[in-house]
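Structure record follows, encoded as structure tokens.
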Amino acid sequence: MYLTDQQRRRLSVMAKAEEVSEAEIVRRILDQAFGMRPDRAEKLAAIKETAGIMKNAPDWPEWLERVRGAGADKRLRELGL
Numbered sequence: 702m703y704l705t706d707q708q709r710r711r712l713s714v715m716a717k718a719e720e721v722s723e724a725e726i727v728r729r730i731l732d733q734a735f736g737m738r739p740d741r742a743e744k745l746a747a748i749k750e751t752a753g754i755m756k757n758a759p760d761w762p763e764w765l766e767r768v769r770g771a772g773a774d775k776r777l778r779e780l781g782l
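Rendered as structure tokens:
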């Protein structure tokens with residue numbers, strides 16, 4: 702496969718940004734162009750491979766409270782109101 706210098710540079714930048722090979726980027730582009738989607742088995746495999754990867758991360762409500770701070774109702778309860 703022959704690529705222009707510009708295509709080669711952009712391919713290289715994308716691969717580095719996503720930390721994958723240039724071949725993987727080409728496969729993704731072709732899959733998208735041909736309307737190919739990963740099958741169910743591939744999706745399940747991806748889920749299994751990443752399950753537990755952030756096991757020490759807080760749950761959503763815990764994270765949200767940390768980011769936003771306590772809600773008004775909680776602050777009022779703490780003040781006895």
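In this text, residue positions in the sequence shown follow my numbering: the first is 702, and each later residue adds one.
Don't be surprised by glycine CBs; every beta carbon is placed ideally from N, CA and C.
These numbers were taken from a predicted model, which means no experiment stands behind them.
Taking C-beta to C-beta, are Ile726 and Met737 nearer than 8 angstroms?
Using a Cβ distance threshold of 8 angstroms, Ile726 and Met737 do not count as a contacting pair.
What are the boundary residues of the alpha helix (DSSP H) that Leu745 is part of?
741 to 751
Which residues bound the alpha helix (DSSP H) around Ser713?
Secondary structure note for Ser713: its alpha helix (DSSP H) is the uninterrupted segment 706 to 719.
Tell me where the alpha helix (DSSP H) around Ala773 begins and ends.
773 to 779
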